[in-house]
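A short write-up of the structure that comes next.
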Amino acid sequence: MNASPSARLGLTDQLRRDWYLTRFLFAMQDYPGKEYKRVRADLRTDLDAAAADVGMRRALADLGSPRHLADGYYGALERERPRYWDGAVVAALLGTMLAYCFLSYGAGAVDTLLAQGGGTVQLHYLGAPLTVTGTEREFGLEFKFSWLGALVYLGTMAVGFALGSRLWRLRTGRSAGA
Amino acid sequence: MAADTRDPQLLKGVLPMLVLALLTERESYGYELVTRLQVDGLGDIATGTVYPVLARLEREGHITSRLVASSSGPARKYYMPTLQGAAELSRAAHSWLELTKTVAGTLGRTGLAPGAPYPPHTEELA
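Taken in sequence, the protein lines are chains A and B.
For what it's worth, the numbering used here labels the leading residue of the first sequence as 10, then goes sequentially.
For what it's worth, the numbering used here labels the leading residue of the second sequence as 1204, then goes sequentially.
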């Protein structure tokens, strides 16, 4: 090839195309890596060619949203694949929710202690020991590591990850391929 | 058939066959192929629908591609069917023609032949 296709595109068109490809990358997070590189290279070549025919704006409009296009590529796979990215998001949301519940639980305990005149109390949160202090001069939460607490916390996140990423598709794929 | 009444699932099933048929007629690059499909009557088909089909056909070895430099624009990736693709097209076309024969026979017998303005009401059928 004598000339780089990008060299023939204006800066604005290059930016439009690259922004679209970046959004496409996020939508294709769980696509097989090796195949994704080829798909992206093909898409880039086809986009440049289409832009020469009808302009980059029209070429991108004809492609539709990156998410919709990615759905098309996922649909063309021989079998459904787990969506690890979705699983990570669900796991992160669950982890954040548990942490929020921990803080709410601790704050509620401090509030109760203060209402009763102050003091220190030993509690448990998800199986982990928790020391709550609440006096007129200070208040605090002391959280100690415990295997049970870690197991419950990480286990909940792992279940969220498995459900969110549809991990059972791994097994379905193996069965189908057998 | 009007574009707004076409079943997307139906199109999804026959699109690989149509792509193979058009590429057998003449090799094309992606956007040109979409234009040819539109000219043939799929006026509402989007490039985003065709590109995944091309990727799948290439992955399965039914089509191959080559980059062609252009003096007036960027390089274009032209697709053409392989021998395996030609065999697949033959199989798919035979299967499709058999199916349409069956469908036409059934619809014709029940008064719903292609070209009929609308299906008869259930009261009329009763």
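Every residue, glycine too, gets a C-beta built ideally from N, C-alpha and C.
As the structure is a prediction and not an experimental result, all values here were calculated from the model.
Best match in B:His1297, B:Asp1247, B:Ala1258 and B:Gly1246 for proximity to Asp55 (chain A) [C-alpha to C-alpha]: Selected option, being the one with the closest Cα: B:Ala1258.
Distance between beta carbons of Val1222 (chain B) and Leu1260 (chain B), contact taken as under 8 Å: Indeed they touch by this definition, with Cβ atoms about 7 Å apart.
Sub-7 Å separation of Leu139 (chain A) and Phe148 (chain A) beta-carbons: No; because the gap between Cβ atoms is not below 7 Å, this pair is not in contact.
Decide if Thr1303 (chain B) is buried, meaning its Cβ has at least 16 other Cβ atoms within 10 Å, or exposed. Exposed, by the Cβ-count rule.
Could you please give the first and the last residue of the uninterrupted beta strand (DSSP E) stretch that includes Thr1212 (chain B)? The identity of residue 1212 (chain B) in the sequence shown is Gln, whereas the question assumes Thr. Segment Pro1211 to Glu1228 is the alpha helix (DSSP H) holding Gln1212 (chain B); no beta strand (DSSP E) there.
Using CA atoms only, rank isn't needed, just tell me which of A:Asp120, A:Ser155 and A:Tyr134 is closest to Gly128 (chain A). Ranked by Cα distance from Gly128 (chain A), the first of A:Asp120, A:Ser155 and A:Tyr134 is A:Asp120.
DSSP state of Leu1301 (chain B) mapped onto helix, strand, coil: A small fix is needed here, since residue 1301 (chain B) is Glu in this sequence, not Leu. Glu1301 (chain B) falls in the helix class under three-state DSSP.
Which same chain residues end up closer than 7 Å to Leu122 (chain A) when comparing Cβ atoms and leaving out the 5 residues on each side of it in sequence? Taking C-beta separations shorter than 7 Å and ignoring five residues to either side along the sequence, the partners of Leu122 (chain A) in its chain run Gly128, Val130, Val141 and Gly143, following chain order.
Applying a beta-carbon distance threshold of less than 9 Å, which residues of chain A neighbour Gly1288 (chain B)? Within chain A, no residue comes near Gly1288 (chain B); the closest Cβ sits about 16 Å away, beyond 9 Å.
Glu1230 (chain B): which of B:Leu1292, B:Gln1212, B:Thr1250 and B:Pro1284 sits nearest, CA to CA? It is B:Pro1284 whose Cα lies nearest to the Cα of Glu1230 (chain B).
Does the CB of Tyr114 (chain A) have a neighbour CB from chain B at under 7 Å? Answer no: the Cβ-Cβ gap between Tyr114 (chain A) and chain B never drops below 7 Å.
In chain B, what lies closer than 9 Å to Ala58 (chain A) by C-beta? Contacts between Ala58 (chain A) and chain B, judged by CB atoms closer than 9 Å, involve Tyr1232, Gly1233, Tyr1234, Glu1235, Ser1273, Gly1276, Pro1277, Ala1278, Arg1279 and Lys1280 in chain order.
Proximity of Arg175 (chain A) and Pro91 (chain A) at Cβ, strictly below 7 Å: Yes, these two residues count as a Cβ contact at 7 Å.
Under a CB-based cut-off of 7 Å, is Val48 (chain A) close to chain B? Taking Cβ atoms only, chain B reaches closer than 7 Å to Val48 (chain A), which makes this a yes.
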